[in-house]
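Residue numbers (the numbering used here), protein chains in the order written: chain A, 44 to 514; chain B, 10 to 169.
In structure tokens, the structure reads:
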């Protein structure tokens, strides 16, 4: 009977995983077909460029913040404590410390500075003192392949971040009300103005243009043995089980062979012990309410972020409770996860009733895989940015900003590989490229030459990581 | 065998996918009447309150597009839009539905209700601009049962 059940489960999981999971990848001799889907959005389209201007400069007559105050271009459109520590005291991020009308119940500055947490009132504005959540800033990369579900778009950490019709287009309206007001009265036309339809269209187009435009097709022909083993574990629905909810390391689940799109799960993050926000809260005498996730009252679920962009966008989870990508993978070994609704469901389909149970070396391997695919995405994005500049497709006023992004992407690639002790042979290429892009960013003298010389270095780094041809 | 596999797959789908997608409601409070992105002008109805049936909790509105029949439920959220007065919006009560007031309604099924089949209100925004309404608020009708009296109390429709 046990064997029959095991066979049955294996068959079921084979259905759940159309890619078949854990076979060792062979080097690919030719370019593989891209994932199906619409073509990339032109980041130099007029509507996208208009959205970019609004994103970084429009305050909506509010407290001085813009979308880019928290979604920093040079930090992958998110923000983290290390970066916050470098900001001047009068940065609009700190309006709660600067503007008396926002001093109480608008932000919790200690948690913002130490953990990068922003105050949200998802469950209503009727009890500002006690009814709030502190959440990290989700990046807005790869939105095009990350927020669609059969039930409609899922935005923000709990999938219900947008007001109105819940679409990405509507997101800015809620963000202005939550984060931009001059006072907590939040009177439209007095404390801020709401985005117009034209501005919402432009902001949506800009956000959709950011980062990856489609999902990967795993397995990739990776060169590093650790990352390759990590990919095998990731894809193995009887071991890592990652690919069930993060299909192709993206944000979409495939359950029972059926695409569920972006989905919400209760993975038990809120049940972790010794969370940084609780420890700091005890220290400063401020308690942080539990975050109940999706809906009002919440059901404890949060939506699934894409993993390709994970390694350089920590801290991790909705409350920034884990600092490193290794820690984030290890979370799925924890009691908090394995006793959560999601963990128990996974366990119920396991012949040994195990949710996820990885050895430390396997945790490192999965994290190494995530680091390498993140670095590949850094390289792809950098080359795309430089290509736009070299082809003279970028308006003059945006050249330096694009170079700053290209430089940040290159530095991220260095950081995520070095942090995992991965591909030291790629690092000299990356450092050379970093120097050239930095020169191009800081001086228009020989800018095109420096950009042109950086590209072969980026290709060299790419070829150290994967057998796939460079984009 | 195939059937069993499909059953397992369906169970897994049901177990893991727990929540339907929908919009965030909190900031809707502060969005003035007629400006809810993706909803206003598309699936909401804007009109003046023409009559109120307190027994059945049905509000009739008349707008440029005709009439709508809206049924308030315990889950219906009522917002008071005071932006024309430069004042903060606030949560409202059923009693804030008064004849003559301008009102925007989002129905749970995004369909306008008919007289014989009114749609349930997901949220209603009532504009207060400092002017008197065309008619006073209706008193609870004769024969008002105790359960309905409780629903008439201020705060009944406020989110718990």
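Glycine residues also receive a C-beta, built at the ideal position from the N, C-alpha and C atoms.
- For residue 418 of chain A, no beta strand (DSSP E) encloses it; the enclosing alpha helix (DSSP H) starts and ends at 403-433.
- Taking a Cβ-Cβ cut-off of 7 Å, the neighbours of residue 34 of chain B in chain A comprise 339, given in sequence order.
- DSSP lists B:87 and B:114 as the beta-bridge partner residues of residue 133 of chain B.
- Straight across, the Cα-Cα distance linking residue 255 of chain A with residue 514 of chain A is about 12 Å.
- Flagged as an interface residue toward chain B: residue 206 of chain A, by a C-beta distance shorter than 9 Å.
- Per DSSP, residue 54 of chain B lies in no alpha helix (DSSP H) segment; the continuous beta strand (DSSP E) that holds it begins and ends at 54-62.
- Each residue's CA atom was taken as its position, placing residue 423 of chain A and residue 122 of chain A some 22 Å apart.
- One alpha carbon belongs to residue 284 of chain A, the other to residue 410 of chain A, and they sit about 14 Å apart.
- Between residue 247 of chain A and residue 212 of chain A the beta-carbon gap is near 4 Å, inside 8 Å, which marks them as a contact.
- In this structure, residue 135 of chain A lies away from residue 176 of chain A, with their beta-carbon atoms at least 9 Å apart.
- Taking the CA atoms as reference points, residue 228 of chain A sits about 24 Å from residue 240 of chain A.
- Per the Cβ contact rule, the stretch 138-146 of chain A is not in contact with the stretch 172-187 of chain A (fewer than 3 Cβ pairs under 8 Å).
- Put simply, the CB of residue 92 of chain B is near chain A, with a gap under 9 Å to one of its CB atoms.
- Leaving aside the five residues that flank residue 490 of chain A on each side, the residues in its chain whose CB is nearer than 6 Å to its CB run, in chain order, 483.
- By the neighbour-count definition (other C-beta atoms within 10 Å, threshold 16), residue 446 of chain A is a buried residue.
- Among the residues facing chain B, residue 430 of chain A is not included, as its CB has no counterpart in that chain under 9 Å away.
- The beta carbon of residue 149 of chain A sits closer than 6 Å to the beta carbons of 139 from its chain, once the five residues preceding and following it are set aside; these are given in chain order.
- Excluding the 5 residues flanking it on each side, residue 153 of chain A has same chain C-beta neighbours closer than 6 Å at 327, in chain order.
- Between residue 73 of chain B and residue 244 of chain A, the alpha-carbon positions lie close to 27 Å from each other.
- At least one beta carbon of chain B lies nearer than 9 Å to the beta carbon of residue 230 of chain A.
- Apart from sequence neighbours up to five positions away, the residues of its chain that approach residue 50 of chain B with a beta-carbon distance below 8 Å are 43, ordered along the chain.
- The Cβ-Cβ distance between residue 303 of chain A and residue 295 of chain A falls below 9 Å.
- Per the Cβ contact rule, the stretch 367-374 of chain A is in contact with the stretch 404-419 of chain A (3 or more Cβ pairs under 8 Å).
- The secondary-structure analysis by DSSP pairs residue 203 of chain A across a beta bridge with A:198.
- Those residues of the stretch 36-60 of chain B placed with their C-beta closer than 7 Å to a C-beta in chain A are 36, 37, 38, 39, 40, 41, 44, 45, 46, 47 and 48, ordered along the chain.
- For the C-beta of residue 127 of chain A, not a single chain B residue is nearer than 9 Å; the gap to the nearest is close to 24 Å.
- Residues of chain A whose Cβ lies closer than 7 Å to the Cβ of residue 64 of chain B do not exist, since the nearest Cβ in that chain is about 29 Å away.
- Contact between the stretch 373-380 of chain A and the stretch 434-446 of chain A is absent: fewer than three C-beta pairs spanning the two stretches fall below 8 Å.
- Apart from the 5 residues on each side of it in sequence, residue 428 of chain A sits with its Cβ closer than 8 Å to the Cβ of 445, 446, 448, 449 and 452 in its chain, given in chain order.
- Restricted to the stretch 100-174 of chain A, the beta strand (DSSP E) segments that are unbroken, complete and at least 3 residues in length are 161-163, listed in chain order.
- Contact of residue 212 of chain A with chain B by beta-carbon distance below 7 Å involves 46 and 47.
- Residue 368 of chain A carries a helical assignment under DSSP once its states are collapsed to helix, strand and coil.
- For the stretch 98-128 of chain B, the residues whose beta carbon sits under 7 Å from a beta carbon of chain A are, in order, 100.
- Selection A:189, A:195, A:216 and A:386 evaluated against residue 353 of chain A yields A:189 as nearest (Cα-Cα).
- DSSP places residue 347 of chain A outside both helix and strand once states are collapsed to three, so it counts as coil.
- Here residue 382 of chain A is exposed, its C-beta having fewer than 16 other C-beta atoms within 10 Å.
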